[in-house]
Amino acid sequence: MAGATVQAAAGIAALVWALFQRPSSAGPIDKAVRTGKASRSGITGIRRPGGRGRGSATAERTGEASGKKSVSGIDYSN
Numbered sequence: 003m004a005g006a007t008v009q010a011a012a013g014i015a016a017l018v019w020a021l022f023q024r025p026s027s028a029g030p031i032d033k034a035v036r037t038g039k040a041s042r043s044g045i046t047g048i049r050r051p052g053g054r055g056r057g058s059a060t061a062e063r064t065g066e067a068s069g070k071k072s073v074s075g076i077d078y079s080n
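Every letter in the sequence shown is one number past the one before it in this note's numbering, and letter 72, counting from 1, is 74.
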């Protein structure tokens, strides 16, 4: 009787664990938060040239961008 109780508890725990697992993402998760200042073609954030890469990319409170071709946030350009 005690063995069956332990086995049932282990089965329920495994089921609960499986239900709370996140599905695997399609790629890496890139995140940039509170970055510095970009100048002279610099970037504060994430660069994915030509939109390459998989997965999510988020940029929050990125720094100030000044100067030609400077980027603040996410850069998908070539």
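Glycine included, C-beta positions come from ideal geometry on N, C-alpha and C.
Only a predicted model underlies this, so the values are computations on that prediction, with no experimental measurement involved.
Taking one C-beta from the region 57 to 71 and one from the region 28 to 44 each time, how about it: are there three or more such pairs within less than 8 Å? A contact exists between the region 57 to 71 and the region 28 to 44.
Bounding residues of the alpha helix (DSSP H) (the contiguous stretch that carries Thr7): Counting along the chain, the unbroken alpha helix (DSSP H) around Thr7 starts and ends at 4 to 21.
Which residue comes first and which comes last in the beta strand (DSSP E) that contains Ile76? 73 to 77 is the extent of the beta strand (DSSP E) around Ile76.
Could you spell out the range, first to last residue, of the beta strand (DSSP E) harbouring Arg63? Where Arg63 is concerned, there is no enclosing beta strand (DSSP E), given that its DSSP letter is neither H nor E.
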